[in-house]
Amino acid sequence: MMIRMPLACLIGLLIAQWFGPLQIISVTVFILIFTSIALRRVWPIVVIFGWLVASHTIVETQQQQFLYSQLAGEQRLTVLIDGLPERRERYTRVRLKVYLPDQPKLHQAKIRAYWPRYKPLPLPGSYWNIRIKMKPVVGQVNPGLFDYEHWLFHQKIAATGYITAAWANQRIESCLWCRATIDRWRFKRLERLSLSDLSANARPLVAAMSLGSSSDLTEYQWKLLRETGTVHLMVVSGLHSGIFYGLMLVLLLMAMGLLRKSPGGWRICLWGGMLAAVGYGLASGLGLSVFRSLLMLFLLTLCIVFGKRIAGFDRLFAAAAILLLVNPLAAGLAGFWLSFSAVGIIYWIISGGGRHLSGWRGFVRFQLMLGVALLPMQLLVIGVGPVMAILANLLLVPLVSLLILPLSLVCGLLFEITPLTWLLNHLADFFWWWLELLQGKGLLFASGSFLLKLIGLILVFIALIPLAWQWRGALLISGLLLAFNQQVIKPQQLIVELMDVGHGQALIVRDDKHLILLDTGPALGNFSSAERVLLPYLQARGYSQIDLLVLSHLDMRHVGGAGVLATAMPAKLTLAGNAKQINQKWSLNALPCKTGDSYQLGDIRVSVVLAKTTGSEDKQSCAIAINYGKSRILVMGDLDRVEEKRLLDNFQLTTNDQQLILLPGKQGAKNASSERFVKQINPQIVLISTGFKITNELPDRNVLQRYHLNDAQLFSTACDGMIQLVVDAGGSVKQIATSRLENQYWRLPRRASCRRLSSG
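For the sequence shown, position 186 (counting from the first letter as 1) is numbered 173 according to the working numbering, and the numbering increases by one without interruption.
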């Protein structure tokens, strides 16, 4: 009975977050009330209670985010530095809290902003008067990939931006509340670590495991951790808290003389260990997984002290219910699911085969069972299942538990000792060497979908079934999840996907045998659309090589990811509008676009309808036509009205019975898409790749009006996210799907800005 109440509350919390429309929720609530009366059971009422709590939190956060959108633009604000600065290789980010006591609705709004690189890092808990340029929460939306808007919503961040006029920013004072005091202490410890003798490999380990700071981790190190399934070793979690609790308990027992001097000494040791674990949790930032582990340790301590026996699963689900009642939005974070599922699997393994887990063979068996059982959950919540995580954790879990973590705690929380520093440096070198050895091998991918979320909810419901059937159902669902791992393209079908890469362009065209990529999206500093969007998306669908890559022109918004793709997913054939310059920049073997050239890839024919080879480097571009049956996709690149006229005068672009999908020149700017061009080619569907509310807002209103007058369907990545078309050999567009859905509770509405796409 005890296990069902937290589970029922959990189900209610999930229903409110995963299934948005009010009608579905109303029917669900009615069914649950009827079930409760008919079966005389309490748990359906608890489901409703959980749903109400989560719904209230979501609506309240939505209202706050909508009000906070007033912060957009450049303003002078008084802010509080909230938490540790995020230091990266090329930039520093800070989290700010707005101080506007005379405006209660905007007071305490959170902003994530870039701090000037050439200025000293601000001390956590200090007040500043700054000038900051802000914009509403904006992210790219591509199915199965990281959703930045979703993450910002769950962090309750109202706006993002960067601090301007750094010379005019003034520190006012520091606050003295407890959280800021702890953060300041963490900040000073990190500053001291940066001056220590720890190597570049060891410093990130010590900072992450002892102080909960990942600032010293490079992008490459994060990639290593993700691809080998070892992120949990770097993020302070139940493993770290449990080890720290155990170490402190042993030390306290030794100090008490093994209970000989005090009859109740063991109780003092238990509560002392618990208090030390809480202190470690605060020192490491009190993340979600740390909070979960502290809840479970507290319940365990209570059971031991008062002589009560509560099963591990009861404690687990009770901790889940408490955490979600405190923060219902936690159910939308991957860390919540991975943390609780890992502990649940551990309990299941121990309860089913404890006698077979002793010795080193038992440890190997345990790691194998845990790694295999976690794969479906990893595929479900993060879209990647690293098979090599089993081998990586087999060696690194004991290494971290017995050596790296205790040494990191001493060096990070107390003081550096030269022999310990020397040992840590060598252990860290081995740690990263082992991950590099396993990197990129045996990765499973799953594309996120509503079906996978539904399967996840069914998994939770299964736990309400009598024990004899629980694990049969779990195995069945796990098998289904793995079966849906790859997306299958039917023969005689073409998939056209305009990826959401912000202010840039990346178009994927594929059938059941070939993959074509036109442009690679933008790259700026550390960010590359090819690495963050294209590679994960294509790898998730089983691709390891591109058949044809077309780089329309030398503009970093269009070809910024060419270098990344050349290394990670090389193309058999590459065409480029500025082949010479592009080859020099990224050491490619691209062929120049030549007007009239064509390439046949199965049923797909790719033609260069116009190549502009005159003018400056960034003005040279090529227009590409892709024919599939009676459909044609025309990609105009960076060609303007002059080239459009030349194209119309010399080429037959369409026929009366042909379906035309157009990506207009210059992304819909006013100096392209002339009235004659739009009328003569008469596109049925127009796809525009652009960012939301960029400086030179695209597409231009007059250009949109021309397409509307010709009854074209218009789609934009800024308003629709990733756009997918399914085309059959007869030229019919069978399906149009967009990834940005307005009814997703974490989306700020864009109707006002996007209405002109549909109305002109």
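A virtual CB, placed ideally from N, CA and C, is assigned to each residue, including glycine.
Just so you know, these numbers come straight off a predicted model, no measurement behind them.
Does the separation of the CB atoms of residue i and residue j fall below 8 angstroms?
i: I391; j: F418; result: yes
i: R734; j: E73; result: no
i: L383; j: L220; result: yes
i: R693; j: S660; result: yes
i: G550; j: W573; result: yes
i: T507; j: A527; result: no
i: A194; j: G112; result: no
i: A656; j: D636; result: no
i: G612; j: G564; result: The residue asked about is misnamed: residue 612 is Ala in this sequence, not Gly. No. Outside cutoff.
i: Q479; j: D715; result: yes
i: L83; j: I68; result: yes
i: Q503; j: D542; result: Reading the sequence as shown, one finds Ile at residue 503 and not Gln. Not closer than 8 angstroms, so no.
i: A317; j: L275; result: yes
i: L284; j: A264; result: yes
Pick out whichever of the options has its Cα sitting closest to the Cα of residue i.
i: L575; options: R592, G583, M556 and Q587; result: M556
i: G216; options: G322, L236 and T168; result: G322
i: Q426; options: I117, V596 and E214; result: E214
i: Y149; options: A264, W409, G372 and T79; result: T79
i: V222; options: S271, T205 and V265; result: S271
i: R352; options: S328, D301 and N380; result: N380
i: L522; options: R179, I336, K210 and N669; result: K210
i: V371; options: L139, Q157, L132 and S531; result: L132
i: V125; options: W138, I117, I119 and R118; result: W138
i: R628; options: T601, Q646, R663 and Q607; result: R663
i: D301; options: A317, Q142 and L282; result: L282
i: G60; options: T147, P363, L728 and N570; result: T147
In three-state terms, what does DSSP make of residue i?
i: M235; result: helix
i: E484; result: strand
i: M556; result: coil
i: L303; result: helix
i: L649; result: strand
i: C609; result: strand
i: K599; result: strand
i: V125; result: coil
i: Y732; result: coil
i: I452; result: Confidence is the limiting factor: at I452 the pLDDT is only 46, short of 50, which leaves the residue's position unreliable and the question unanswerable from this model.
i: L467; result: Here L467 scores only 49 on pLDDT, less than 50, and its place in the model should not be relied on; the value that follows carries that caveat. The answer is helix: DSSP assigns L467 an H, G or I state.
i: Y615; result: strand
i: K143; result: coil
i: F638; result: coil
i: V397; result: helix
i: R688; result: helix
i: E662; result: helix
i: V387; result: helix
i: T168; result: helix
i: G148; result: strand
i: T408; result: helix
i: A25; result: Bear in mind that a pLDDT of 49 at A25, under 50, signals an unreliable position, so the number given afterwards is only what the model happens to contain. Correct three-state label for A25: helix.
i: D416; result: helix
i: I620; result: strand
i: L444; result: The predicted position of L444 is uncertain, since its pLDDT is 48 and thus under 50; a value taken from the coordinates is nonetheless stated next. Helix at L444.
i: E403; result: coil
i: S280; result: helix
i: L9; result: With a pLDDT of 47 at L9, under the threshold of 50, the modelled position of this residue cannot be trusted; read the value that follows with caution. It is helical.
i: K175; result: helix
So residue i packs on residue j, CB below 8 angstroms; how close in whole Å?
i: H501; j: R544; result: At roughly 26 angstroms, the Cβ-Cβ gap does not stay under 8 angstroms, so H501 and R544 are not in contact.
i: V218; j: L226; result: About 12 angstroms separates the two Cβ atoms, so there is no contact after all.
i: I169; j: W115; result: That pair is no contact at about 20 angstroms.
i: L185; j: L389; result: No, L185 and L389 are not in contact; Cβ-Cβ is about 19 angstroms, not under 8 angstroms.
i: I117; j: V85; result: Contact doesn't hold; Cβ gap of about 11 angstroms is too wide.
i: T405; j: S183; result: With a Cβ gap of about 10 angstroms, T405 and S183 do not count as contacting.
Exercise. With contact counted as at least three CB pairs below 8 angstroms, one residue from each stretch, are the segment 353 to 367 and the segment 298 to 318 in contact?
Worked result: no
For this session: Would you check if there are 3 or more beta carbon pairs closer than 8 angstroms linking the segment 223 to 231 to the segment 97 to 117?
Result: no
Exercise. Does the count of Cβ pairs from the segment 173 to 184 and the segment 193 to 206 closer than 8 angstroms reach three?
Worked result: Three or more beta-carbon pairs separated by less than 8 angstroms link the segment 173 to 184 to the segment 193 to 206, which places the two stretches in contact.
Exercise. So, do the segment 646 to 662 and the segment 615 to 629 have three or more beta carbon pairs nearer to each other than 8 angstroms?
Worked result: yes
Exercise. Three or more C-beta pairs closer than 8 angstroms, one from the segment 252 to 268 and one from the segment 285 to 300: is that the case here?
Worked result: yes
Exercise. Do the segment 573 to 593 and the segment 534 to 551 make contact, defined as three or more Cβ pairs closer than 8 angstroms?
Worked result: yes
Exercise. Do three or more CB pairs link the segment 708 to 715 to the segment 479 to 496 at distances below 8 angstroms?
Worked result: yes
Problem set entry | Any 3 or more C-beta pairs closer than 8 angstroms across the segment 403 to 419 and the segment 184 to 193 | yes
Exercise. For the 8 angstroms Cβ check, are there 3 or more pairs between the segment 325 to 339 and the segment 295 to 308?
Worked result: yes
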